[in-house]
Structures are given as structure tokens and as C-alpha cells.
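First up is the structure itself, then whatever we jot down about it.
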Ligand code: CMC
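What follows is the structure in C-alpha cells.
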């Protein structure tokens with residue numbers, strides 16, 4: 042067994058070099074290309090953040106305008122995509138639909154499928170960033186039985202998404218700027234997070250030379266799980282479950298269950314592989330949560346009160362303190378999204394929409410790396426030694 046390092050879950054293995062995102066888990070620090078997430082969330086919009094992640098620098102005014110223009114021109118999807126979507130059951134989980142639609146893009150956009158070609162990768166990046174909101178909104182409208190809304194290009198990235206989600210062809214849609222800003226912030230906070238499970242999946246998938254859309258759909262599939270992007274949905278379901286079973290009065294009982302290892306119950310939205318301190322994204326998300334609930338007159342939202350109570354208990358409880366478990370980005374993002382009117386089963390789709398830029402920036406970095414090789418982990422074999430196949434009557 043001395044031949045390979047055995048490291049299940051990659052607790053101590055760096056699989057690549059990267060200049061995109063930096064996390065200091067002990068300090069609770071997150072930088073995109075060197076810029077603190079707090080400053081980006083305050084001073085930049087999502088598309089500027091996309092530009093930064095993709096090209097390494099924040100855009101100047103001209104670059105920003107050109108990038109926004111380019112992305113805007115690609116927001117429509119091929120008309121055939123809606124017939125593909127129609128093959129799904131109406132009650133299909135949006136993440137199942139998205140995995141299919143994103144993978145399916147490789148069959149629609151042949152000018153951007155060669156992952157070894159930087160130009161193809163760049164067009165694929167623009168297409169994916171531009172079309173994800175359209176696809177997520179289409180998946181939602183399809184489930185609701187409502188007509189799809191075509192993108193409207195004089196709106197901002199977040200504003201256009203809101204209209205495609207909540208607008209209808211019968212009336213003008215008014216974008217609420219506070220909600221628009223909250224959504225844009227959710228996108229910024231989820232845009233990249235170095236070598237998490239879905240990003241590593243995208244890198245591994247792309248390392249075989251498959252096309253960029255296929256690699257990103259693998260990321261969508263990985264993100265779906267409740268230990269990863271699915272945590273926002275799982276967290277809100279948890280809060281609703283506690284609320285339905287007696288609410289704040291039952292919080293203590295619920296926490297006892299969480300601490301009882303045999304119960305299998307986790308405090309969703311808590312804990313992180315890298316952060317052993319407060320997730321800086323959770324702080325910003327809590328701020329946004331306060332703003333959005335005030336704007337929408339939902340200050341007394343019982344789930345928010347419940348979440349704050351759970352957090353307070355956890356931050357003082359030995360079980361969580363000793364294990365350095367703090368709220369992560371998903372602890373408050375679900376409450377914000379629910380307040381905005383996004384259905385719970387679409388939360389992870391919003392995460393996928395936002396993380397798409399991170400996935401493609403990481404993929405670009407990998408493919409441009411002269412040391413890049415196909416990803417091929419080794420194993421420690423624990424099966425039978427070589428043996429002979431017996432005739433069936435003797436088995
Ligand atoms: N509730 C209760 N106990 C927990 C939790 C939790 N949420 N998270 C970790 N623990 C315990 C765990 O049981 C273990 O205890 P012990 O040492 O006694 O066996 C200890 O804390 C260390 O946890 P781990 O599972 O070994 O840590 P990990 O790095 O393998 O897992 C995690 C990280 C995020 C998967 C895990 O904390 C978790 O499942 N959290 C809940 C799901 C969640 O919120 N995920 C979102 C992550 S952030 C958004 C994203 O990037 O997707």
C-alpha cells in the first residue's frame with residue numbers, strides 16, 4: 042500500500058494549482074482574485090464579478106459595458122430547447138431538468154464544444170452565463186404550467202431573471218430594486234468557492250476532453266446533493282419541519298436530536314470542510330436577509346426567528362463549538378429566496394446559475410495549464426485475489 046497516498050474525501054490532497062479563489066478557513070476569509078468577498082458584494086454587480094473570475098481583473102467601464110452587451114446578446118436559448126424540456130414530467134425536480142438542459146446545450150451550440158480551443162471555451166462561458174437564468178426560469182414556468190417569458194435585454198442580469206420567473210405576458214413587470222440587489226448578491230456570493238465537490242467534478246469531467254457543456258452539467262448534477270448545493274433546500278425543509286412541529290418551543294428538542302449521532306439528523310446549513318470559523322458569505326447573507334424581510338414587510342417571519350434561535354444555541358453549545366461548526370452560506374440564503382418568492386425546490390437551481398461562472402473559470406484555468414493531465418485517481422484494492430471461474434453448477 043506504500044505506492045499511493047490514501048486520502049478519502051481529499052482532506053489533504055491538492056489536485057491543482059489555482060489563481061482564482063482563496064479561502065482562509067480559520068480566519069473565515071474569502072477572496073476572488075485577491076478581492077475580499079465583502080468588497081465585491083458591496084461595490085460590484087454579478088456580471089463584473091463574472092468578468093473578474095473569468096479574465097482575472099475587474100473590468101473598467103468600457104470593458105464592463107462590452108461584457109454586459111455580449112452576455113445580453115446570448116440570453117435567448119435555441120427555440121428547440123423548449124421541446125426538449127417538454128419531455129420532462131411537469132413535477133420533475135428542476136435540478137433534474139437543468140442537468141438535462143445544460144448537457145443538451147452541447148447538441149445545440151456546435152461552435153463552442155471544443156474544450157481544447159480557448160475561443161470555443163470563451164463562447165461557451167458567455168453562452169452558459171447568459172442562458173442559465175433563462176433555463177432556470179423555463180424549468181420553473183414549465184412546472185407551473187405558465188408560458189415561458191423571453192429575456193428582456195434592457196434589464197439587469199438579476200432583473201431580467203426576476204421578470205422571466207415572475208412576469209407574465211399579460212402585463213408589464215416592475216422590478217423591485219431591493220429584491221434585484223438581493224438576488225444579485227446571492228449570485229455574487231455563490232459565484233466560486235475553489236475546489237468544492239462540484240468544481241472538482243467539472244475539472245475531472247473536462248479533463249477527459251469532453252465538451253464544456255457536458256462538463257458543466259456534471260457540476261450541476263454534483264451540486265444537487267444535500268451535503269453541497271442542495272443544503273439550502275434541505276435547510277429550509279428543516280426549518281419548515283421544526284415550525285410544523287411546534288416551532289421555537291421545540292428548538293431544544295431538535296438540537297438534542299442533532300447532537301445524538303444515532304439520529305442521522307444534521308443541522309443543515311451548518312459546518313464546512315474548509316471554514317472552521319464563520320463563513321463570510323453567511324454574514325453577508327444574514328445582512329441581506331434582514332434587508333429583504335424589512336423591504337417585503339416580513340420582519341416577523343417565523344422561520345427567520347427560528348433560524349436565529351438555532352444559530353444562537355449552536356454558537357454557544359459545546360457540540361458545535363468543539364467541532365468548529367458555524368453557519369455556512371446556505372443557512373440564510375433559503376430564507377431570502379423564499380421571501381423573494383422562489384420555490385424551495387428551485388433554490389439549488391439558483392446556486393447552479395450563480396456557480397456556473399466559477400465552474401467555467403476553473404475549467405478554463407485547467408485547460409490552459411501546460412501541466413494539465415486527465416484526472417485519474419488511484420485506489421487501494423481490497424477485493425479478492427485472482428481466482429478461477431467455476432462452471433455454473435459448482436458455484
Ligand atoms: N450538524 C451536526 N453535526 C455536524 C454537522 C452538522 N451540520 N456538520 C458536521 N458535523 C459533525 C460531524 O458529524 C463530525 O462529528 P464527529 O467528529 O463527532 O464525527 C464533525 O462535525 C466533522 O464533520 P465532517 O462531516 O467530518 O466534516 P466534513 O468536512 O466531511 O463535512 C459538510 C462538511 C459541509 C458536508 C458537513 O458539515 C455537513 O454535512 N453540513 C450540513 C450540510 C451543509 O450545510 N452543506 C453546505 C456546505 S456550504 C455550501 C456548499 O459549498 O455547498
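In full-length UniProt numbering, the protein residues as written are 42 to 436.
Note that the Cβ used here is the ideal one computed from N, Cα and C, for glycine as well.
- Task: Could you tell me which residues DSSP puts in a beta bridge with residue 65?
- Result: Counting from one through the chain shown, the residue named residue 65 turns up at place 24. Answer is 70.
- Determine the direct distance from the alpha carbon of residue 238 to that of residue 264, and round the result to whole angstroms. Here the question's residue 264 lines up with position 223 in the chain shown. Here the question's residue 238 lines up with position 197 in the chain shown. Those two C-alpha atoms are separated by around 7 angstroms.
- Query: Heavy atom of the ligand CMC less than 7 angstroms from the Cβ of residue 219, yes or no?
  - Reply: As a first step, residue 219 must be located in the chain shown, where it is residue number 178. Answer for residue 219: no, Cβ out of range of the ligand CMC.
- Task: Could you tell me whether the Cβ atoms of residue 312 and residue 369 are closer together than 8 angstroms?
- Result: Reading the chain shown from its first residue, position 271 is the one you call residue 312. Reading the chain shown from its first residue, position 328 is the one you call residue 369. With contacts defined by Cβ atoms closer than 8 angstroms, residue 312 and residue 369 form a contacting pair.
- Task: Work out the CA separation of residue 168 and residue 125 for me, nearest whole Å.
- Result: As a position in the chain shown, residue 125 is number 84, starting the count at 1. As a position in the chain shown, residue 168 is number 127, starting the count at 1. Distance between the alpha carbons of residue 125 and residue 168 is about 18 angstroms.
- Query: Should residue 252 go down as buried or exposed, given a rule of 16 or more other Cβ atoms within 10 Å for buried?
  - Reply: Stepping through the chain shown from its first residue, residue 252 is reached at position 211. Looking at its Cβ environment, which holds 16 or more other Cβ atoms inside 10 Å, residue 252 is buried.
- Could you have a look at residue 368 and say whether DSSP puts it in helix, strand or coil? What you label residue 368 is simply residue 327 of the chain shown in a count that begins at 1. Reduced to three states, the DSSP call for residue 368 is strand.
- Query: For the ligand CMC, is there a heavy atom less than 7 angstroms away from the beta-carbon of residue 268?
  - Reply: Taking the first residue of the chain shown as 1, we reach residue 268 at position 227. At least one heavy atom of the ligand CMC is nearer than 7 angstroms to the Cβ of residue 268, so yes.
- Message: Under 8 angstroms, with one C-beta from each stretch per pair, do the region 51-58 and the region 226-246 reach the 3-pair mark?
- Response: With a cut-off of 8 angstroms, the region 226-246 and the region 51-58 count as touching, because enough Cβ pairs lie within range.
- Item | Any non-hydrogen atom of the ligand CMC within 7 angstroms of residue 309 CB | If you number the chain shown from 1, residue 309 lands on position 268. Within the cutoff, so yes.
- Query: Under a three-way DSSP split, which group does residue 210 fall into?
  - Reply: As a first step, residue 210 is located in the chain shown; it is residue number 169 there, counting from the start. In the three-state DSSP reduction, residue 210 falls in the coil class, being neither helix nor strand.
- CB residue 317 to CB residue 67, shorter than 8 angstroms? By one-based count along the chain shown, residue 317 stands at place 276. By one-based count along the chain shown, residue 67 stands at place 26. Cβ atoms of residue 317 and residue 67: closer than 8 angstroms.
- Is there contact here, the region 203-215 with the region 173-181, by at least three beta-carbon pairs under 8 angstroms? Output reads yes: the region 173-181 touches the region 203-215.
- Query: Helix, strand or coil: which one does DSSP assign to residue 311?
  - Reply: For the purposes of this step, residue 311 is identified with residue 270 of the chain shown, where counting begins at 1. Strand at residue 311.
- Which of the three DSSP states, helix, strand or coil, is assigned to residue 373? What you label residue 373 is simply residue 332 of the chain shown in a count that begins at 1. Helix, per DSSP.
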